[in-house]
Amino acid sequence: MKLKAAVIGLALAAMSATASSADILVGSTINIFGNVSSIGGSGSLDSATGLDFFKNGSAGTPGGTISLGVGSTGTFSLFNTAGCPASPSAGGCGTIEDIADFGTFGPIAGFYTITEGANTLAFDLNTLNVDSRIPATGSSLASLTISGTGTFHLSGYNAAAGVFTLTSQGNGFTTFSASTVSIPEPMPIALLGIAGAGLALSRRKRVIGA
9 MKLKAAVIGL ALAAMSATAS SADILVGSTI NIFGNVSSIG GSGSLDSATG
59 LDFFKNGSAG TPGGTISLGV GSTGTFSLFN TAGCPASPSA GGCGTIEDIA
109 DFGTFGPIAG FYTITEGANT LAFDLNTLNV DSRIPATGSS LASLTISGTG
159 TFHLSGYNAA AGVFTLTSQG NGFTTFSAST VSIPEPMPIA LLGIAGAGLA
209 LSRRKRVIGA
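First residue of the sequence shown: 9, per this note's numbering; consecutive thereafter.
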């Protein structure tokens with residue numbers, strides 16, 4: 009009986025903790041842009057093995073600088089271009105980490121961070137996929153599209169799952185644009201599962217001890 013009460017108390021406490029802050033609205037979108045060059049391959053984005061984001065307009069530096077794109081929605085309307093007037097080459101209003109190698113990618117905590125006034129948003133990139141590589145033709149530039157999943161962190165809000173997409177075209181010094189959209193977070197279901205498992209365990213202990 010004590011185990012049953014403890015498990016239920018733990019689950020309720022955890023659920024209460026997650027409810028103590030506001031939720032990021034599902035479908036909230038934030039857009040960023042900056043400059044990037046390919047790592048590896050032939051120097052063309054369609055053959056890149058990684059991405060070097062430019063810091064204040066310079067390649068070959070650890071990480072890069074980003075600015076806000078237009079069209080932030082939902083909870084991320086807290087961030088807007090009026091509060092981030094600087095271009096990425098002038099420092100922008102955020103930073104982004106390089107992706108050294110698509111093939112050996114591992115989760116990147118704080119993959120990008122945006123600060124505007126009192127608000128700071130960080131996004132952890134947990135998974136990564138290379139969606140398309142399109143070689144240059146006589147009428148179009150080489151292009152690369154990658155996507156992944158991760159977690160948003162915003163002060164005063166619960167952590168939220170998100171989907172990240174980045175596209176870029178060209179060779180050498182080029183631009184990229186990216187968007188991240190919040191998606192439903194299955195955490196409450198997981199917590200209920202923990203409680204259910206604990207109850208099953210307590211019943212099993214009673215049967216064994218009977």
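Backbone N, C-alpha and C define an ideal beta-carbon position, used for all residues, glycine too.
Asked                                                                                                                             : Found
At the level of alpha carbons, what is the spacing between residue 94 and residue 63?                                             : 13 Å
Distance, Cα to Cα, residue 88 vs residue 76?                                                                                     : 7 Å
Just how far apart, CA to CA, sit residue 51 and residue 158?                                                                     : 28 Å
Residue 42 and residue 100 look like a contact to me (Cβ under 8 Å); what is the Cβ gap, rounded to whole Å?                      : 7 Å
How far does the beta strand (DSSP E) with residue 171 in it extend, from its first residue to its last?                          : 168-177
Return the CA-CA distance between residue 73 and residue 60, expressed in angstroms with no decimal places.                       : 11 Å
Excluding sequence positions up to five away, which residues of its chain have a Cβ less than 6 Å from the Cβ of residue 3?       : Lying outside 9 to 218, the shown extent of the chain, residue 3 is not represented and no answer is given.
According to DSSP, is residue 184 part of a helix, a strand, or is it coil?                                                       : strand
Give the straight-line distance between the Cα atoms of residue 84 and residue 172, rounded to the nearest whole angstrom.        : 14 Å
According to DSSP, residue 44 sits in a beta bridge with which residue or residues?                                               : 61 and 182
If you draw a straight line from the alpha carbon of residue 119 to that of residue 36, how long is it in whole angstroms?        : 18 Å
In three-state DSSP terms, what is residue 90?                                                                                    : helix
Which whole-angstrom value is the C-beta distance of residue 58 and residue 48, which I expect to be below 8 Å?                   : 6 Å
Under 8 Å, do residue 103 and residue 71 count as touching if we go by C-beta distance?                                           : yes
Exposed or buried, which one is residue 78 when buried takes at least 16 other CB atoms within 10 Å?                              : exposed
May I ask which residues mark the beginning and end of the beta strand (DSSP E) holding residue 128?                              : 127-142
Under 8 Å by Cβ, that's how I've got residue 53 and residue 129 pegged, so tell me the actual separation to the nearest angstrom. : Rounded, the Cβ-Cβ distance is 27 Å, inconsistent with contact.
Tell me whether residue 53 sits in a helix, a strand or coil according to DSSP, three-state version.                              : helix
Buried or exposed: residue 66, going by 16 or more other Cβ atoms within 10 Å of its Cβ?                                          : exposed
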